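Accompanying notes for the structure given below.
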Amino acid sequence: MSTQPKPPSEVEHIKTQSRLLRGTLADSLVDPVTGSIASQDTALIKFHGSYQQDDRDVREERRLQKLEPAYSFMLRTRLPGGVCTPAQWLAMDALARDHANHTLRITTRQAFQLHGVIKDDLKPTMARINAALLDTLAACGDVNRNVLCNPNPVDSRVHETVYQWSVRISEHLLPRTRAYYEIWLDGEKVAGGEEEPIYGPTYLPRKFKTAVAVPPLNDVDVFAQDLGFIAIIENGALVGFNVAVGGGMGATHGDAATYPRLADVVGFIPPEKTLAVAEEVVKIHRDFGDRTNRKHARLKYVLEERGVPWFTAELEKRLGFALEPARPFAFEHNGDRFGWVEGHDGRWHLTLHLDSGRVADLPGTPHLTGLREIARVHQGDFRLTPNQNLIIANVPPEAKEAIDALVTRYALNGFQKASPLRRNALACVALPTCGLAMAEAERYLPAFVEKLEARLVAHGLLDANLLLRITGCPNGCARPYLAEVGLVGKAPGRYNLHLGGDVRGQRLNRLYRENIDEEGILSALEPLLAEYARERKPGEGFGDYVVRAGHVQAAPKKAAPNAAA
1 MSTQPKPPSE VEHIKTQSRL LRGTLADSLV DPVTGSIASQ DTALIKFHGS YQQDDRDVRE
61 ERRLQKLEPA YSFMLRTRLP GGVCTPAQWL AMDALARDHA NHTLRITTRQ AFQLHGVIKD
121 DLKPTMARIN AALLDTLAAC GDVNRNVLCN PNPVDSRVHE TVYQWSVRIS EHLLPRTRAY
181 YEIWLDGEKV AGGEEEPIYG PTYLPRKFKT AVAVPPLNDV DVFAQDLGFI AIIENGALVG
241 FNVAVGGGMG ATHGDAATYP RLADVVGFIP PEKTLAVAEE VVKIHRDFGD RTNRKHARLK
301 YVLEERGVPW FTAELEKRLG FALEPARPFA FEHNGDRFGW VEGHDGRWHL TLHLDSGRVA
361 DLPGTPHLTG LREIARVHQG DFRLTPNQNL IIANVPPEAK EAIDALVTRY ALNGFQKASP
421 LRRNALACVA LPTCGLAMAE AERYLPAFVE KLEARLVAHG LLDANLLLRI TGCPNGCARP
481 YLAEVGLVGK APGRYNLHLG GDVRGQRLNR LYRENIDEEG ILSALEPLLA EYARERKPGE
541 GFGDYVVRAG HVQAAPKKAA PNAAA
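First residue of the sequence shown? That's 1 in the UniProt record's numbering, and the numbers climb one at a time after it.
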């Protein structure tokens, strides 16, 4: 039996030869022959916050016309904790109209995405994002991505403290290369001597995700992250964080070596140790992650295969101190609280629902225009939530009436009449732009919600707080494996149906039916909904019920997504 080590993946070679993420990007951007960039640069541009995409709706038509695909680029901001100013919102709104497809999208990582930016507009768009005191650095790629933070605790003093830690984590874990500034902002070129003290010349084996949660809200889905910090609040003040490590949603159909996994809580730290812990966890991923198979390269596989005790010992050895025992905490739910909420300082926060986070001007719902008008008068800030919704935050009491009037005028008050199902549902972008999508998600969500709502009405369950998430592929960008009902794309019009997550984000669901169409999904759910309506206990969620009734088994900390319950 051969003991030869496996060769590194192709992306590892690209990173090694990239001169700290430069590659040939500068040349690709000015190549007039094509709307695309060189193949090796498509891997590197992710580190700069962009993905090359093409419109799959017209791909075949263009092929028949002997035209290259309709290439464009998605741009994603780095926006720790999802907090931005009204001026920054207006800057992103203008870019959506000037250079993108006239929409903004709020992601499940509390960031903005612009879609449909053509190559010639990439550099000016990047420059305008930076002029608004935003950037896209490390929003994608094999680095720490945008750091999530609970956006709306009742105590705004705690939020400010915790939010500042999310910003500090994000800044501390940024790549140090000057390539971003050279390529996009015409910064002075560096002549040698550069290094990446945290990442090294080949960065991480795969992406890395970090989140900060503030119990009792788990709206960041902290156990789905590579690294989670769970704030411990005592007497109204932050005393430290429980550290959770090794979560992740991504999987590959038919590959048992890949699976979603919940993070393990490994201990407690005082706040001043936060950056050191974050850095060393990242370095463990750097040093022990799988660089031969990108589908098996996330930190969760290091935890699962080497064991939590090994990981904790390795982390403590690198830190030079022991973690304290984890402190008690409790989560109540992982959704958003819609409508007005008063903070302890007398200011108000208004949470609006946005279908799949898409901000657009559509017939009857001119949301892009409406939020532009709100941004022009708003005196506080905006907060993008990890559930693809938007908080108009820090509204003075005297400004509430004016904000309310604009919300009503521009039909942004849909949350008032929407069912809990609709308000809580998440979907990834999927088709037509995501190259990994096997089925629809964002475009399919409204139609599927309408059909599922009809079944809920028939069983007297319309007010049930049911958590639905849809993704176009098994990579799990909308965290479907934590949903009470999860649809994971398998082929056009066909999905794997997962059941049994909970509303606290603390239990993985299980595969219930594989590769079924809409009729099959609704048929599978119908008897379960009828039974749930008859037999549920007070306050019992649908996911809790299907586990209690034995329809699915409670999933272990890791769950092979291809193994039916």
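Built from N, CA and C at the ideal position, the CB exists for glycine as well. None of the values given here were measured: they were computed from a predicted structure.
Asked	Found
Can you tell me where the beta strand (DSSP E) holding E68 begins and where it ends?	Careful: E68 lies outside any beta strand (DSSP E) and carries neither H nor E.
Could you have a look at I106 and say whether DSSP puts it in helix, strand or coil?	strand
Looking at the secondary structure, which residues open and close the alpha helix (DSSP H) in which R22 lies?	Unbroken run through R22: none, as it is neither H nor E.
How is H13 classed by DSSP in three states: helix, strand or coil?	helix
Please look up how many angstroms separate the CB atoms of T125 and L75, rounded, as I've assumed it's under 8 Å.	6 Å
For the putative contact between E440 and G460, defined by C-beta atoms under 8 Å, what is the C-beta separation to the nearest angstrom?	With 8 Å as the limit, E440 and G460 do not qualify as a contact, their Cβ atoms being about 30 Å apart.
Where P396 and D345 are concerned, what is the direct C-alpha to C-alpha distance, given to the nearest angstrom?	10 Å
Report yes or no: do three or more beta-carbon pairs, one from the stretch 267-286 and one from the stretch 239-257, lie closer than 8 Å?	yes
Give the DSSP-derived three-state secondary structure of A565 in the structure shown.	Legend: pLDDT at A565 = 43, less than 50; position of this residue unreliable, no value from coordinates given.
If you draw a straight line from the C-alpha of I521 to the C-alpha of N496, how long is it?	9 Å
Look up M1 in the DSSP assignment and say whether it is helix, strand or coil.	The pLDDT assigned to M1 is 44, lower than 50, so where the model puts this residue is not dependable; a value taken from the coordinates is nonetheless given after this. DSSP places M1 in coil when its eight states are reduced to three.
Can you check DSSP and say which residues form a bridge with C84?	F382
If distances are taken between C-alpha atoms only, which option among H172, E535, V407 comes closest to W340?	V407
With H, G and I counted as helix, E and B as strand and the rest as coil, what does DSSP make of residue 566?	Examination of residue 566 is not possible in this model, given that the chain is present from 1 through 565 alone.
What's the C-alpha gap between L295 and E526?	Note that residue 295 is Lys in the sequence shown here, rather than Leu. Near 35 Å, if we compare the C-alpha coordinates of E526 and K295.
CA-CA distance, residue 573 and R494?	There is no way to answer for residue 573, as the model of the chain reaches only from 1 to 565.
Would you give the residue range spanned by the alpha helix (DSSP H) that R534 belongs to?	518-535
Below 8 Å, can you find three or more Cβ-Cβ pairs linking the stretch 207-227 to the stretch 177-191?	no
Give me the Cβ distance between A427 and E442, rounded to the nearest whole Å; I'm assuming they're in contact under 8 Å.	5 Å
Mark N475 as exposed unless 16 or more other C-beta atoms lie within 10 angstroms of its C-beta, in which case mark it buried.	buried
With A405 as the anchor, note down where its alpha helix (DSSP H) starts and where it stops.	400-409
Where DSSP assigns a beta bridge to I470, which residues make up the other side?	A427, L487
Looking at the secondary structure, which residues open and close the alpha helix (DSSP H) in which L114 lies?	First-last for L114: 112-117, but that is the beta strand (DSSP E), not the alpha helix (DSSP H).
I'd like to confirm the pairing. Which residues does DSSP put opposite R510 in its beta bridges?	L499
A111 to G539, Cα distance in whole Å?	33 Å
Can you check whether the C-beta of G187 is within less than 7 Å of a C-beta belonging to chain D?	Although the question refers to chain D, the structure presented lacks it and comprises just one protein chain.
Distance check for L466 and D502, CA to CA, integer angstroms please.	9 Å
How many Å lie between L421 and G343 at the Cα?	26 Å
Would you mind working out which of R62, A530, T34, E61 sits nearest A464, comparing C-alpha positions?	A530
Out of N424, P201, P446, V377, point me to the one whose CA is closest to N389's CA.	N424
Which of helix, strand or coil does DSSP assign to N144?	strand
Suppose contacts are defined by Cβ-Cβ distances below 7 Å. Is L21 in contact with A127 by that definition?	no
Kindly list the residues whose CB is nearer than 8 Å to the CB of R157, restricted to its own chain and excluding five residues on each side of it in sequence; keep chain order.	G236, H344, D345
What does a CB cutoff of less than 7 Å around T85 pick up in its chain, not counting 5 residues either side in sequence?	D381
Going by other Cβ atoms of all chains shown within 10 Å of its Cβ, with 16 needed for buried, is G550 buried or exposed?	exposed
Given that a residue counts as buried once 16 or more other Cβ atoms are within 10 Å of its Cβ, and exposed if not, what is L67?	exposed
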